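J.: Provided herewith is a single structure, encoded as structure tokens, for subsequent inquiry.
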Amino acid sequence: MLKLDNKPLSYDRAFTHAGIQYPANWLRLASLEEKKAIGITEVADDPWYDQRFFWGVDKPKQLDDKTETVDGEEVKTTGLKTQWSATQGQIAASLLAPSDWRVIKAKETGTNIPSTWKTYRAAVRTACNARQTEIGNAADVPALKELLYGQLTITQQKKDSEGKDVVDSDNLPVMETVANPAIATAWPTPI
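Residues 25 to 215 in my numbering are what the sequence shown spells out, letter by letter.
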């Protein structure tokens, strides 16, 4: 991040310094020496953290629900597990909604729902239940974040049939890409 007079500067935005108006493209076109000459410094960006799961760097939000007494009244604070579990229910409802009319039509007309739709709808409910259980089992906030937003695959050292690390002839680890075991159950593919 670039700063001038301890204020951040943005690329492609005009700025004024010492009574001089600099155009929006000046930071992109100026050399390092030109920037330093007017007092621009480069500093590291503030550390990034996922605000869905953390209050700040290394400050995780509350994982489980918490009830405490404040001024003689019980106050319940909802934790991330409850919030993300509810989100899974909302996702399931949105996946089921486009086919709800098929269920209503079948009930009203006394006909059957096609088996592919019954199978899909059951798979959505099963996936939702599995995901909610997985969320409930998350050990900590980083594990919950990995469960919901981690990479689908990971690279790790290959293991032999006895569970020992595999190395090549130069004694270097043999790596393989595998499905991430810490990822939540996948939603079924919509029909």
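The beta carbon of each residue, even a glycine, is placed where N, CA and C say it ideally should be.
No experiment lies behind these values; they were computed from the predicted model shown.
1) Taking the runs of the beta strand (DSSP E) that are 3 residues or longer, which of them lie wholly in the segment 157-213?
2) Relative to the C-alpha of Gly43, which residue among Arg76, Ile62 and Arg37 is closest?
3) Given a threshold of 16 other Cβ atoms within 10 Å of its Cβ, counted over all protein chains shown, does Val148 qualify as buried or as exposed?
4) For the alpha helix (DSSP H) that Thr111 lies in, which residues bound it at each end?
5) What do you get for Ile158, buried or exposed, if any count of 16 or more other CB atoms within 10 angstroms of its CB means buried?
6) Take Asn161 as the anchor and find which of Leu87, Thr65 and Leu56 has the nearest alpha-carbon.
7) How far does the alpha helix (DSSP H) with Lys60 in it extend, from its first residue to its last?
8) Specify whether the segment 198-210 and the segment 170-180 touch according to this definition: at least 3 beta carbon pairs, one from each stretch, less than 8 Å apart.
9) Going along the chain, which unbroken runs of the beta strand (DSSP E) with 3 or more residues stay wholly within the segment 43-96?
10) Determine the DSSP secondary structure at Thr135, reduced to helix, strand or coil.
11) Just to confirm, is the Cβ distance from Thr111 to Ala154 under 7 Å?
12) Taking the straight line between their C-alpha atoms, what separation do you get for Pro194 and Asp184?
13) Drop a sphere of 10 angstroms on the beta-carbon of Ala48, count the other beta-carbons inside from all chains shown, and report buried for 16 or more, exposed for fewer.
14) Quick one: Cα of Arg76 to Cα of Gln156, how far?
15) Roughly how many whole angstroms lie between the Cα atoms of Asn30 and Asp70?
16) Which one or two residues does DSSP pair with Thr101 in a beta bridge?
T.: Concretely, from the data shown:
1) 177-181 and 199-203
2) Ile62
3) buried
4) Leu104 to Leu120
5) Correcting the residue type first, residue 158 is Glu in the shown sequence and not Ile. Buried, by the Cβ-count rule.
6) Leu87
7) Leu56 to Ala61
8) yes
9) 44-46, 78-80 and 90-94
10) coil
11) no
12) First, the amino acid is wrong: residue 194 is Asp here, not Pro. Taking the straight line joining both Cα atoms gives about 17 Å.
13) exposed
14) 17 Å
15) 14 Å
16) Lys90
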